[in-house]
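In what follows, a structure is listed as structure tokens, so that the remarks can point back to it.
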Amino acid sequence: PLAWDLERDRMRKRISIATIPPNLIRIEYRDKDPQRAYDVTARMADLFIQETRDLKANESSEAFSFIDEQVREYHQKLVEAERNLKDFRSENLDARPGTDAAISTRISQLNTSLESATLELAETRIREKSIERQLSGEAALEVSLSREGQFQSQIAVLQGELDQLRLSYHETYPDIVRIKHQIEDLKTQISQEQSRREAEQQRARQQGRVYVDDRVRLSPVYQQLRQQLSDTRTQIATLEARKSELEQMLNEEVNRGRRVHTGEMLLAELTRDYEVNRDIYRDLLRRRENARVSMSLDEGQQGLSLRVYEPAFLPLKPTGLRFLHFMVLGLFLAVLIPAAYLLARVQLDPRVRSVEQLTGRLGYRVLASVPVVFLPQEQEQARKATRVVMMTGMAVVAIYATAGILKLT
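In this note's numbering, the protein residues as written are 18 to 426.
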């Protein structure tokens with residue numbers, strides 16, 4: 018197992034997967050063995066295509082199952098919302114569009130009719146009071162023509178005759194005595210009439226009616242006013258009943274309007290819930306059908322289109338840094354390292370090697386300088402060393418070139 022884990026880790030490090038716009042995927046595998054590199058890359062491409070198709074098929078199946086479950090759930094919600102809406106409309110027949118406006122119009126009409134009835138009732142009651150006052154005035158006018166008035170007239174005539182007789186005769190005169198007795202009788206009759214009228218008036222007050230003398234009742238004007246009063250009171254009773262009925266109808270219509278307003282709010286809410294569930298249900302049906310088609314295509318491996326544009330091939334030559342590169346790099350380093358070493362040594366050496374170091378860096382004035390003089394033996398040794406270095410460099414270049422040509426061929 019440890020060897021397998023190590024080999025797996027090494028393979029992971031050699032695998033390179035990258036995306037290339039717009040919809041390309043590049044799989045690379047590096048190995049020392051060209052055949053193994055080809056086999057691993059081809060197998061990875063096949064596994065990637067197969068697993069991608071299987072994953073797409075599983076996703077399509079899971080998406081279809083999920084959408085199908087949502088369809089059943091929202092179908093139940095839609096049926097329940099439709100049943101609630103139907104039950105509410107059956108229980109609230111007034112909860113329909115336009116009812117609120119009709120009720121408002123009806124309330125306005127009832128208010129107008131009620132105001133008209135109230136005004137007419139007030140006018141009729143004023144007319145009733147007027148007729149009652151007219152009846153009272155007619156009774157006062159006719160009272161002088163009643164029996165009491167006649168008695169008063171007779172007393173006035175007798176009193177005049179009595180006054181005339183007293184001018185000529187004494188109180189014991191028979192005519193004077195007779196007239197006095199007649200006046201007393203008339204006064205007695207007046208008292209009796211007054212008592213009778215007061216009794217009638219008392220009974221009338223107890224019964225809640227107006228007492229009118231019999232002769233007054235027989236008056237045509239009084240009869241006409243009584244007829245008008247009766248008609249007026251009948252009209253008042255009619256108007257009061259009409260007003261009461263209008264008030265009751267108005268209250269009922271106002272309560273109906275409140276119920277309708279509340280019902281319209283509930284109806285709007287139920288309708289909104291129904292429409293939302295209906296729209297979601299229709300959308301889920303469309304998505305389920307699309308998911309069904311996608312699942313069928315994925316099961317037949319027709320939904321996801323994967324093509325290999327550059328199939329794996331057996332490499333003829335290795336990639337990366339080769340032997341030639343190391344040869345060139347070795348030559349470059351062979352020249353660069355000694356030159357860098359010499360440059361660093363000269364820069365870091367504290368010894369004075371030229372006049373310019375004294376005058377330029379230290380600022381000293383130089384009076385004289387002694388040049389270096391090489392002996393002939395030293396000059397010959399220097400030339401020999403130079404020839405050895407050049408020959409050695411040429412030999413190294415020739416060896417590198419020969420090895421590179423042989424490696425390439």
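Glycine included, C-beta positions come from ideal geometry on N, C-alpha and C.
- Can you list, in chain order, the residues of its chain whose CB lies under 7 Å from that of D85, leaving out five sequence neighbours each side? Residue numbering aside, residue 85 sits at position 68 when the sequence shown is read from its first letter. Same-chain partners within the cutoff: R305.
**Item:** Three-way DSSP call (helix, strand, coil) for L41 in this model
**Value:** As a first step, residue 41 is located in the sequence shown; it is residue number 24 there, counting from the start. Looking at L41 - three-state DSSP - the assignment turns out to be strand.
Exercise. Going by Cα to Cα distance, which pick from A98, A62, E270, K49 is closest to Y291?
Worked result: Here residue 291 refers to the residue found at position 274 of the sequence shown. Checking every option, the nearest Cα to that of Y291 belongs to A98.
Delimiting residues of the alpha helix (DSSP H) encompassing V57 = In the sequence shown, residue 57 corresponds to position 40, counting from 1. Note, V57: alpha helix (DSSP H), 51-108.
Local Cβ density within 10 Å of T419, reported as buried at 16 or more and exposed below that: Residue numbering aside, residue 419 sits at position 402 when the sequence shown is read from its first letter. Exposed, by the Cβ-count rule.
- request: Helix, strand or coil for T189, going by three-state DSSP, please let me know.
  value: Residue 189 sits at position 172 when you count from the first residue of the sequence shown. In the structure shown, T189 sits in coil (DSSP, three-state: anything other than H, G, I, E or B).
If you count every other CB in all the chains shown that lies within 10 Å of the CB of G377, and 16 or more means buried, which is it?
Taking the sequence shown and counting its residues from 1, one reaches residue 377 at position 360. Answer is exposed; the Cβ neighbour count stays below 16.
**Study point:** Same chain, Cβ closer than 8 Å to A448, five either side skipped, listed in chain order
**Key:** The requested residue 448 does not occur in the structure, where the chain is confined to residues 18 to 426.
L182 and I193: beta carbons closer than 9 Å? Within the sequence shown, the letter at position 165 stands for residue 182. Within the sequence shown, the letter at position 176 stands for residue 193. In contact: L182 and I193 (Cβ atoms closer than 9 Å).
| request: Would you tell me roughly how many angstroms separate the C-alpha atoms of K204 and Q176, rounded to the nearest one? | output: Numbered from 1 along the sequence shown, position 187 holds the residue referred to as residue 204. Numbered from 1 along the sequence shown, position 159 holds the residue referred to as residue 176. Looking at the two C-alpha atoms, the distance is approximately 12 Å.
Alpha-carbon spacing of T255 relative to S261, whole angstroms: Within the sequence shown, residue 255 is the residue found at index 238, counting from 1. Within the sequence shown, residue 261 is the residue found at index 244, counting from 1. When rounded, the distance between both Cα atoms is 10 Å.
task = May I ask you to report which of helix, strand or coil DSSP gives A361?
result = Position 344 of the sequence shown, counted from the first residue, corresponds to residue 361. The answer is helix: DSSP assigns A361 an H, G or I state.
Cβ-based burial, S77 [other Cβ within 10 Å; buried from 16]
Residue mapping note: residue 77 aligns to position 60 of the sequence shown, counting from 1. Buried: at least 16 other Cβ atoms inside 10 Å.
- Is the stretch 120-133 touching the stretch 264-272 in the sense that three or more CB pairs, one from each, lie closer than 8 Å? yes
(Q) Using a 10 Å radius around the Cβ and a threshold of 16 neighbouring Cβ atoms, would you call Y46 buried or exposed? (A) Here residue 46 refers to the residue found at position 29 of the sequence shown. Y46 is buried by the Cβ-count criterion.
Check your understanding: Going by C-alpha distance, which of L423, Q211, G274, P355 is nearest V406?
Key -> Your numbering for residue 406 matches position 389 in the sequence shown. Answer by Cα proximity: P355.
(Q) Measuring CB atoms only, is the stretch 131-141 touching the stretch 281-301, in the sense that at least three cross pairs come out at less than 8 Å? (A) no
- Task: Specify whether the stretch 59-74 and the stretch 30-48 touch according to this definition: at least 3 beta carbon pairs, one from each stretch, less than 8 Å apart.
- Result: yes
Checklist entry - Between L302 and V88, is the Cβ-Cβ spacing less than 9 Å? => result The sequence position of residue 302 within the sequence shown is 285, counting from 1. The sequence position of residue 88 within the sequence shown is 71, counting from 1. Contact: yes.
Three-state class that DSSP yields for A35 in the structure shown
The residue given as residue 35 occupies position 18 in the sequence shown. It is a strand residue.
- Message: Considering Cα atoms alone, identify which of G274, A329, V387, M344 is closest to F54.
- Response: In the sequence shown, the residue the question calls residue 54 occupies position 37. Per the sequence shown, residue 54 should be read as Ala rather than Phe. For A54, the nearest C-alpha among the options comes from A329.
Give me the Cβ distance between I120 and G274, rounded to the nearest whole Å; I'm assuming they're in contact under 8 Å.
For the purposes of this step, residue 120 is taken as residue 103 along the sequence shown, with counting starting at 1. For the purposes of this step, residue 274 is taken as residue 257 along the sequence shown, with counting starting at 1. That belief holds up - the Cβ atoms of I120 and G274 are roughly 4 Å apart, short of 8 Å.
**Message:** Just verifying my parser: in three-state terms, what is the DSSP assignment at Y46?
**Reply:** Against the sequence shown, residue 46 aligns to sequence position 29. The answer is strand: DSSP assigns Y46 an E or B state.
*Answer with buried or exposed for M411, where buried requires no fewer than 16 other C-beta atoms within 10 angstroms of its C-beta.*
Residue mapping note: residue 411 aligns to position 394 of the sequence shown, counting from 1. Exposed: under 16 other Cβ atoms inside 10 Å.
Residue of D48, L19, T58, K49 minimising C-alpha distance to E327: As a working note, residue 327 is residue 310 in the sequence shown. The option with the nearest alpha carbon to E327 is T58.
Helix, strand or coil: how does DSSP classify A418 here? Here residue 418 refers to the residue found at position 401 when the sequence shown is read from its first residue. Looking at A418 - three-state DSSP - the assignment turns out to be helix.
Exercise. For L384, does the three-state DSSP call read helix, strand or coil?
Worked result: Mapped onto the sequence shown, residue 384 falls at position 367. L384: coil per DSSP, three-state reduction.
Less than 9 Å between the C-beta atoms of I13 and E178, yes or no?
With the chain running from 18 to 426 in the structure shown, residue 13 is simply not present.
**Study point:** Rounded straight-line distance, which links the Cα of P388 to that of E373
**Key:** Here residue 373 refers to the residue found at position 356 when the sequence shown is read from its first residue. Here residue 388 refers to the residue found at position 371 when the sequence shown is read from its first residue. Near 14 Å, if we compare the C-alpha coordinates of P388 and E373.
message: Between the alpha carbons of K30 and E24, how many angstroms are there, rounded?
response: As a working note, residue 30 is residue 13 in the sequence shown. As a working note, residue 24 is residue 7 in the sequence shown. Rounded to the nearest angstrom, the two C-alpha atoms are 10 Å apart.
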